[in-house]
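Trainee: Once you've had a glance at the structure underneath, I'll fire off some questions.
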Amino acid sequence: MDQPEPRKKSRLKSLLWVLLGFVATLAAAFAGLMVYFLGPAEVPGREQVVLIRPGMALPAIARELEQKGVIRSAPALLLAARLNGHMGAARAGEFLLSSGWPAQEVLRVITTTSGILHKVVVREGLPWWAAAKLFEAENLTDGASFEQATKNATLLQKYSIPGDSAEGFLFPETYQLSRGQADNGTAVVEAMLKEFDHQAKKLWPQGPPPPDELRRVVILASLVERETGDASERPRIAGVFLNRLKLGMRLQCDPTVIYGLGPSFDGDLKRSHLEDASNPYNTYAHAGLPPGPICSPGLASLQAALNPETHDYLYFVARGDGTHQFSATLDEHNRAVNRFQRHRDPASYQSAPQGAVQSAGAQQKPAKPDAAKSGKAKPDQAKGGKGGKQPQSGQSSQKDAKAAHKPQQKTT
Numbered sequence: 468m469d470q471p472e473p474r475k476k477s478r479l480k481s482l483l484w485v486l487l488g489f490v491a492t493l494a495a496a497f498a499g500l501m502v503y504f505l506g507p508a509e510v511p512g513r514e515q516v517v518l519i520r521p522g523m524a525l526p527a528i529a530r531e532l533e534q535k536g537v538i539r540s541a542p543a544l545l546l547a548a549r550l551n552g553h554m555g556a557a558r559a560g561e562f563l564l565s566s567g568w569p570a571q572e573v574l575r576v577i578t579t580t581s582g583i584l585h586k587v588v589v590r591e592g593l594p595w596w597a598a599a600k601l602f603e604a605e606n607l608t609d610g611a612s613f614e615q616a617t618k619n620a621t622l623l624q625k626y627s628i629p630g631d632s633a634e635g636f637l638f639p640e641t642y643q644l645s646r647g648q649a650d651n652g653t654a655v656v657e658a659m660l661k662e663f664d665h666q667a668k669k670l671w672p673q674g675p676p677p678p679d680e681l682r683r684v685v686i687l688a689s690l691v692e693r694e695t696g697d698a699s700e701r702p703r704i705a706g707v708f709l710n711r712l713k714l715g716m717r718l719q720c721d722p723t724v725i726y727g728l729g730p731s732f733d734g735d736l737k738r739s740h741l742e743d744a745s746n747p748y749n750t751y752a753h754a755g756l757p758p759g760p761i762c763s764p765g766l767a768s769l770q771a772a773l774n775p776e777t778h779d780y781l782y783f784v785a786r787g788d789g790t791h792q793f794s795a796t797l798d799e800h801n802r803a804v805n806r807f808q809r810h811r812d813p814a815s816y817q818s819a820p821q822g823a824v825q826s827a828g829a830q831q832k833p834a835k836p837d838a839a840k841s842g843k844a845k846p847d848q849a850k851g852g853k854g855g856k857q858p859q860s861g862q863s864s865q866k867d868a869k870a871a872h873k874p875q876q877k878t879t
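In my numbering, the protein residues as written are 468 to 879.
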């Protein structure tokens with residue numbers, strides 16, 4: 468006999484409840500497992516710095532995090548990322564993570580923040596190799612990679628840098644950069660060129676000048692930057708250089724000679740250096756501006772080069788207190804040299820104002836009598852021969868640059 472219809476319905480209903488109960492049990496078990504695997508790997512947690520390299524896919528990152536004990540389960544993290552739409556959002560960089568964080572927090576940090584940012588302060592007046600050392604000290608790049616990046620034609624073209632080097636356009640500023648970039652040298656140099664591009668808009672709001680003019684301004688500004696640490700003197704010194712150029716006089720600028728000697732210069736400027744015509748940056752031996760910038764000038768020096776002071780000065784000599792004595796004639800200049808250079812006390816001599824940032828180069832002792840030209844300048848010097856502003860190895864304001872490191876993770 469067939470079973471009554473109500474009995475069939477009762478059995479089906481029972482089976483349905485059993486099935487629903489089984490599904491609910493599985494769901495609860497799955498939820499429990501997810502809560503467990505997405506929870507902190509350990510309590511209390513341990514902080515770890517994890518480097519995510521460029522091009523790393525999230526599955527590889529998750530496996531590394533699991534191996535390091537930052538998370539409990541790589542598959543659980545990947546599932547959470549898929550549900551949240553973060554599968555392709557992990558960023559390259561250095562991240563401070565904790566095994567005491569839930570996996571969701573780990574995921575948030577590596578997908579929405581810039582990671583640890585290393586602070587590097589680049590002062591005005593540094594040549595490229597000195598700036599490179601600052602970033603190298605923070606393991607953000609190495610000197611060779613930095614140098615190569617300064618000559619990267621693609622990068623120079625991207626930021627409309629005239630010439631074949633970024634020297635002079637590596638803007639002095641405080642930078643906060645992360646490690647782990649594909650090419651750290653390029654990343655660092657590009658950050659500096661981008662900052663120059665930003666600052667240049669203040670100088671040329673209508674757009675940059677022609678390449679030759681831009682290069683001329685930056686070269687002149689770099690000379691001004693290296694010659695004085697006194698901000699009030701910058702337009703005046705720019706005016707001196709322009710006056711000498713107009714009269715066909717050689718600039719006779721010590722910092723240009725020093726730059727041409729390169730990173731190996733030991734701070735002792737000698738007569739032979741000033742007479743070395745093989746140094747293309749020797750403005751005692753060669754007329755006109757040097758072939759390129761000799762450092763990275765700051766905004767004030769760039770403004771001075773664009774707006775030089777109008778005057779009749781052709782010479783200047785360091786007073787020894789960080790400022791200079793300016794002269795319009797050779798006789799005036801010789802008297803100033805005799806007053807400030809002949810009988811000064813090397814122990815009290817300084818080439819930048821008190822309180823100004825200096826480096827060992829700025830504090831070097833005045834040149835020895837046999838190390839640079841001394842005595843009164845010859846009359847024909849005013850016509851463009853050697854002389855004019857007396858060479859002094861300690862005259863230029865060779866500022867130092869300090870790098871400070873303050874790890875922080877910035878949300879972007």
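Cβ coordinates follow ideal geometry from the N, Cα and C atoms, glycine included. Remember, it's a predicted structure, so these values are computed and weren't measured experimentally.
1. Hey, is GLU700 close to the ligand MN, as in C-beta under 8 angstroms from one of its heavy atoms?
2. Given this structure, state the Cα-to-Cα distance separating ASP679 from THR790, to the nearest angstrom.
3. Tell me the rounded alpha-carbon separation between LEU741 and ALA752.
4. Going by Cα to Cα distance, which pick from GLY674, GLU657, VAL707 is closest to SER612?
5. So, are the CB atoms of PRO526 and PRO730 less than 9 angstroms apart?
6. With distances taken between CB atoms, is the gap from PHE562 to THR579 smaller than 9 angstroms?
7. Can you round the beta-carbon distance between ARG646 and HIS585 to whole angstroms, since I take them to be within the 8 angstroms contact cut?
8. Can you look up GLY635 in the DSSP assignment and give me helix, strand or coil?
9. Can you list, in chain order, the residues of its chain with a C-beta nearer than 8 angstroms to that of LYS669? Leave out the 5 residues immediately preceding and following it.
10. If you compare alpha carbons, which of GLN792, ARG802, LEU769, ARG520 is closest to TYR780?
11. Give the range of the beta strand (DSSP E) segment to which SER768 is assigned.
12. Distance check for GLY674 and SER565, CA to CA, integer angstroms please.
13. Express the C-alpha separation of LYS618 and VAL655 in angstroms, rounding to a whole number.
14. Please specify which runs of the alpha helix (DSSP H), each continuous and at least 4 residues long, are wholly inside the stretch 595-677, giving them in chain order.
15. Under 9 angstroms, do GLY757 and GLY727 count as touching if we go by C-beta distance?
16. Quick check on this structure: which residue in GLN515, ARG520, ILE538, ARG683 has the alpha carbon closest to the alpha carbon of GLU509?
17. Who are the Cβ neighbours of ASN774 in its own chain at under 7 angstroms, not counting the five residues just before and after it?
18. Report the partner residues of ALA541 according to the DSSP bridge assignment.
19. Checking the sheet assignment: what are the DSSP bridge partners for LYS737?
20. Buried or exposed, going by whether 16 or more other CB atoms sit within 10 Å of the CB of PRO542?
21. Within 10 angstroms of the Cβ of PRO639, are there 16 or more other Cβ atoms? Answer buried if so, exposed if not.
22. From the DSSP output, which residues share a beta bridge with ASP743?
23. Leaving out five residues on either side along the sequence, give the residues of the same chain with a beta carbon under 6 angstroms from the beta carbon of GLN643.
24. Is the beta carbon of GLU634 sitting closer than 9 angstroms to the one on PRO760?
25. Taking C-beta to C-beta, are GLY696 and THR777 nearer than 9 angstroms?
26. Between VAL573 and GLU514, what straight-line distance do the alpha-carbon atoms span, to the nearest angstrom?
27. Suppose only complete runs of 4+ residues qualify. What are the alpha helix (DSSP H) ranges in the stretch 515-570, listed by chain order?
28. Using three-state DSSP, classify HIS800 as helix, strand or coil.
29. Give the DSSP bridge partners of PHE793, in chain order.
30. Return yes when the Cβ of LEU681 is within less than 9 angstroms of the Cβ of PRO764, no when it is not.
31. Which residues share a DSSP beta bridge with LYS586?
32. Taking C-alpha atoms, which residue in LEU545, ALA754, ALA598 lies nearest to LYS713?
33. If we ignore side chains and look at the alpha-carbon of each, how far apart do VAL589 and SER745 end up?
34. Closer than 7 angstroms by C-beta to ALA795: which residues in its own chain qualify, once you throw out the five before and the five after it? Chain order, please.
35. Alpha carbon to alpha carbon, how far is GLY592 from PHE807? Give it in angstroms, no decimals.
36. Since ILE528 contacts GLY560 with CB under 8 angstroms, what's their CB separation in whole angstroms?
Mentor: Looking at the atomic coordinates:
1. The ligand content of the structure shown is nil, which means the ligand MN is not present either.
2. Your numbering for residue 679 matches position 212 in the sequence shown. Your numbering for residue 790 matches position 323 in the sequence shown. So the two alpha carbons sit approximately 31 angstroms from each other.
3. Along the sequence shown, read from residue 1 onward, the residue named residue 741 stands at position 274. Along the sequence shown, read from residue 1 onward, the residue named residue 752 stands at position 285. Distance between the alpha carbons of LEU741 and ALA752: 7 angstroms.
4. For the purposes of this step, residue 612 is taken as the residue at position 145 of the sequence shown. If we check each option's Cα against that of SER612, GLU657 comes out closest.
5. Position 59 of the sequence shown holds residue 526. Position 263 of the sequence shown holds residue 730. No, the Cβ-Cβ distance between PRO526 and PRO730 is not below 9 angstroms.
6. Locating residue 562 in the sequence shown gives position 95, where the first residue counts as 1. Locating residue 579 in the sequence shown gives position 112, where the first residue counts as 1. Taking 9 angstroms as the cut-off, the Cβ atoms of PHE562 and THR579 do not count as close.
7. Looking up residue 646 in the sequence shown gives position 179. Looking up residue 585 in the sequence shown gives position 118. The beta carbons of ARG646 and HIS585 sit about 7 angstroms from each other, so the pair counts as a contact at 8 angstroms.
8. Residue numbering aside, residue 635 sits at position 168 when the sequence shown is read from its first letter. GLY635: coil per DSSP, three-state reduction.
9. As a position in the sequence shown, residue 669 is number 202, starting the count at 1. The answer, listed in chain order, is LEU766.
10. Taking the sequence shown and counting its residues from 1, one reaches residue 780 at position 313. The residue with the shortest Cα to Cα distance from TYR780 is GLN792.
11. Counting from 1 along the sequence shown, the entry for residue 768 is found at position 301. From DSSP, SER768 is part of no beta strand (DSSP E) but of the alpha helix (DSSP H) over 766-773.
12. Looking up residue 565 in the sequence shown gives position 98. Looking up residue 674 in the sequence shown gives position 207. Roughly 48 angstroms separates the two Cα atoms.
13. Translated into positions along the sequence shown, residue 655 becomes position 188. Translated into positions along the sequence shown, residue 618 becomes position 151. VAL655 and LYS618 have their alpha carbons spaced roughly 13 angstroms apart.
14. When DSSP assignments are scanned along the stretch 595-677, the uninterrupted stretches of alpha helix (DSSP H) that are 4 or more residues long and fall wholly within it turn out to be 595-604, 610-617, 620-625, 651-670.
15. Along the sequence shown, one-based indexing puts residue 757 at 290. Along the sequence shown, one-based indexing puts residue 727 at 260. Correcting the residue identity first, residue 757 is Pro in this sequence and not Gly. Less than 9 angstroms divides the Cβ of PRO757 from the Cβ of GLY727.
16. In the sequence shown, the residue the question calls residue 509 occupies position 42. Cα-wise, what sits closest to GLU509 is ILE538.
17. For this step, residue 774 is matched to residue 307 along the sequence shown. Correct list, in chain order: PRO702.
18. Translated into the one-based positions of the sequence shown, residue 541 becomes position 74. Answer is none; ALA541 lacks a bridge partner.
19. As a first step, residue 737 is located in the sequence shown; it is residue number 270 there, counting from the start. The bridge partners DSSP lists for LYS737 come to none.
20. One-based indexing of the sequence shown puts residue 542 at position 75. The residue is exposed, with fewer than 16 neighbouring Cβ atoms inside 10 Å.
21. As a position in the sequence shown, residue 639 is number 172, starting the count at 1. By the neighbour-count rule (16 or more Cβ atoms within 10 Å), PRO639 is buried.
22. Within the sequence shown, numbered from 1, the residue matching residue 743 stands at position 276. DSSP, once it has assigned bridges, lists no residue as partnering ASP743.
23. Counting from 1 along the sequence shown, the entry for residue 643 is found at position 176. Here the set comprises LEU584, LYS586.
24. Start at 1 with the first residue of the sequence shown, and residue 634 comes out as number 167. Start at 1 with the first residue of the sequence shown, and residue 760 comes out as number 293. The Cβ atoms of GLU634 and PRO760 sit closer than 9 angstroms to each other.
25. Residue 696 sits at position 229 when you count from the first residue of the sequence shown. Residue 777 sits at position 310 when you count from the first residue of the sequence shown. Cβ atoms of GLY696 and THR777: not closer than 9 angstroms.
26. The count along the sequence shown starts at 1 and reaches residue 573 at position 106. The count along the sequence shown starts at 1 and reaches residue 514 at position 47. So the alpha carbons of these two residues sit roughly 12 angstroms apart.
27. For the stretch 515-570, whole alpha helix (DSSP H) runs of length 4 or above, ordered along the chain, are 525-534, 541-551.
28. If you number the sequence shown from 1, residue 800 lands on position 333. The three-state secondary structure of HIS800, taken from DSSP, is helix.
29. Start at 1 with the first residue of the sequence shown, and residue 793 comes out as number 326. PHE793 pairs with PHE783.
30. Here the question's residue 764 lines up with position 297 in the sequence shown. Here the question's residue 681 lines up with position 214 in the sequence shown. No. Outside cutoff.
31. By one-based count along the sequence shown, residue 586 stands at place 119. For LYS586, the pairing in a beta bridge is given by DSSP as GLN643.
32. In the sequence shown, counting from the first residue as 1, residue 713 sits at position 246. The shortest Cα separation from LYS713 among LEU545, ALA754, ALA598 belongs to ALA754.
33. Against the sequence shown, residue 589 aligns to sequence position 122. Against the sequence shown, residue 745 aligns to sequence position 278. Their backbone Cα atoms lie some 31 angstroms apart in a straight line.
34. Translated into positions along the sequence shown, residue 795 becomes position 328. Once the five neighbours on either side are set aside, the close Cβ partners of ALA795 are ASP779, TYR780, LEU781.
35. On the sequence shown, residue 807 is found 340 positions in, with the first residue counted as 1. On the sequence shown, residue 592 is found 125 positions in, with the first residue counted as 1. Here the alpha carbons of GLY592 and PHE807 stand approximately 25 angstroms from one another.
36. Within the sequence shown, residue 528 is the residue found at index 61, counting from 1. Within the sequence shown, residue 560 is the residue found at index 93, counting from 1. ILE528 to GLY560, Cβ: 11 angstroms. No contact.
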